[in-house]
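A short worksheet on the structure shown next.
In the numbering used here, the protein residues as written are 278 to 624.
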């Protein structure tokens, strides 16, 4: 049977990716769904064969058969819904950003720790097998000292079916989004990705964003220079302003280079290129292009194993907090045009 789940929120992302992944997962059983619109939840449940539709979030969290919930409501509600679920004794897998305020993110971590429950964040890229292999090689020292990384996430290049379902109006609301558009929608994924792969905390950021208009108060494209505490630097870009984007991540070290092509997406895919200098030919490369398991399914299954065993989840609540701190510094840098140190807190 595995972990028994309820969906808190049934919007576009849940419809396209989370629900199908949970249905495919080998250790998950979707029991119910709650949405702010009851008729929407009922239609969602009918499409995906989910047996229970809750009339209120309190009803969902009071269901004794539910072990865990996935939070996929507007960003500004993540902390409220996540904390309520944890206090109701449910494990929580929360979509990114985990919160829109550092204080709320800290509270989520504290409540989860006190209750002995799993709190994870939906950083699905960590569950791509190519990313896992890249991290393994970095940790094994195959690249030597990490010096620089780059990553890009641009959704103009993305194919259907996602474009056939429009974004909800709240994604144009600065309050509900958490003070940023492209950053909260896309950028936070690549920020978490380079932090995960480099294995260092970010000391300071310098950010720039464009796309603001009187009718669109949120940025549509941004880029950030990250300075890591161990000396590495990274550059990330994110948004939706141009086609044919190379949604890759590249890491450069003192001994070589790893490029994971086409991994930064909601669709699972990619190719791994590991290159090192060679005295005879200039360089030599290894290419790995396996058949990949779907990364959202791997995420759901990994969280279920963490619930069952008590082992740490790949993207913990503390990782979610660090990304909220990072996003807060980036928004300040965009607004002031200054380099901003990242302030870290201990929950």
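C-beta: ideal position from N, C-alpha, C; glycine also.
- Under DSSP, residue 567 forms no beta bridge with any residue.
- Sequence-distant Cβ neighbours of residue 540 in its own chain, meaning closer than 8 Å and more than five residues away, are 402, 405, 407, 408, 524, 525, 526, 546 and 547.
- Collapsing the DSSP output to three states places residue 623 in coil.
- In this structure, the alpha-carbon of residue 364 lies about 38 Å from that of residue 511.
- In the assembly as shown, residue 307 is a buried residue. Its beta-carbon has 16 or more other beta-carbons within 10 Å.
- In the DSSP assignment, the residues bridged to residue 307 are 282.
- Here residue 484 is near residue 499, since their CB atoms are less than 8 Å apart.
- Sequence-distant partners of residue 432 (beyond 5 residues in either direction) whose C-beta falls short of 6 Å from its own C-beta, in its chain, are 517.
- When the five nearest sequence neighbours on each side are left out, the beta carbons in the same chain lying within less than 8 Å of the beta carbon of residue 411 are those of 474, 526, 528, 535, 537 and 549, in order along the chain.
- CA-to-CA, the gap between residue 555 and residue 420 works out to about 14 Å.
- With respect to the 8 Å criterion, residue 300 and residue 317 are not classified as neighbours on the basis of their beta carbons.
- Assignment of residue 531 by DSSP, reduced to helix, strand and coil, places it in the coil class.
- In the same chain as residue 368, and ignoring 5 residues on each side of it, the C-beta atoms closer than 7 Å to its own belong to 344, 345, 394, 395 and 584, in chain order.
- Put simply, the backbone Cα of residue 351 is about 47 Å away from that of residue 560.
- For residue 608, the enclosing alpha helix (DSSP H) has its first and last residue at 594-613.
- With at least 16 other beta carbons inside 10 angstroms of its own, residue 495 counts as buried.
- For the set 302, 422 and 551, the Cα lying nearest the Cα of residue 531 is the one of 422.
- The beta carbon of residue 607 sits closer than 7 Å to the beta carbons of 460, 482, 484 and 501 from its chain, once the five residues preceding and following it are set aside; these are given in chain order.
- Taking the Cβ atoms as the reference, residue 553 lies roughly 38 Å from residue 581, outside the contact range of under 8 Å.
- The closest CA to that of residue 543, considering only 281, 283, 290 and 285, is found on 290.
- Nearest neighbour of residue 520 by Cα position, chosen from 590, 429, 378 and 348, turns out to be 429.
- Between residue 366 and the set 588, 374 and 335, the nearest pair of CA atoms involves 335.
- In the three-state DSSP reduction, residue 352 falls in the helix class (H, G or I).
- Residue 278 is classed as exposed because its beta carbon has fewer than 16 other beta carbons within 10 Å across all chains shown.
- Between residue 468 and residue 603, the CB-CB gap stays under 8 Å.
- Burial check for residue 574: the Cβ neighbour count within 10 Å reaches 16 or more, so the residue is buried.
- By the neighbour-count definition (other C-beta atoms within 10 Å, threshold 16), residue 515 is a buried residue.
- By the Cβ neighbour-count rule, residue 331 is buried, with 16 or more other Cβ atoms within 10 Å of its own.
- Comparing C-alpha distances from residue 576 to each of 302, 356 and 382 shows the shortest one belongs to 302.
- Listed in chain order, the beta strand (DSSP E) elements of length 3 or more contained wholly in the stretch 379-431 are 396-398 and 423-431.
- Per the coordinates, the alpha-carbon of residue 567 lies some 41 Å from the alpha-carbon of residue 380.
- In the three-state reduction of the DSSP assignment, residue 477 falls in the coil class, being assigned neither a helical nor a strand state.
- Under the 10 Å beta carbon count, residue 612 is surrounded by fewer than 16 other beta carbons and is classified as exposed.
- As a beta-bridge residue in DSSP terms, residue 551 pairs with 535 and 563.
- Excluding sequence positions up to five before and after residue 589, its CB lies within less than 8 Å of the CB of 583, all in the same chain and listed in chain order.
- Listed in chain order, the non-local C-beta contacts of residue 321 below 6 Å within the same chain comprise 287 and 310, local neighbours out to five positions each way being set aside.
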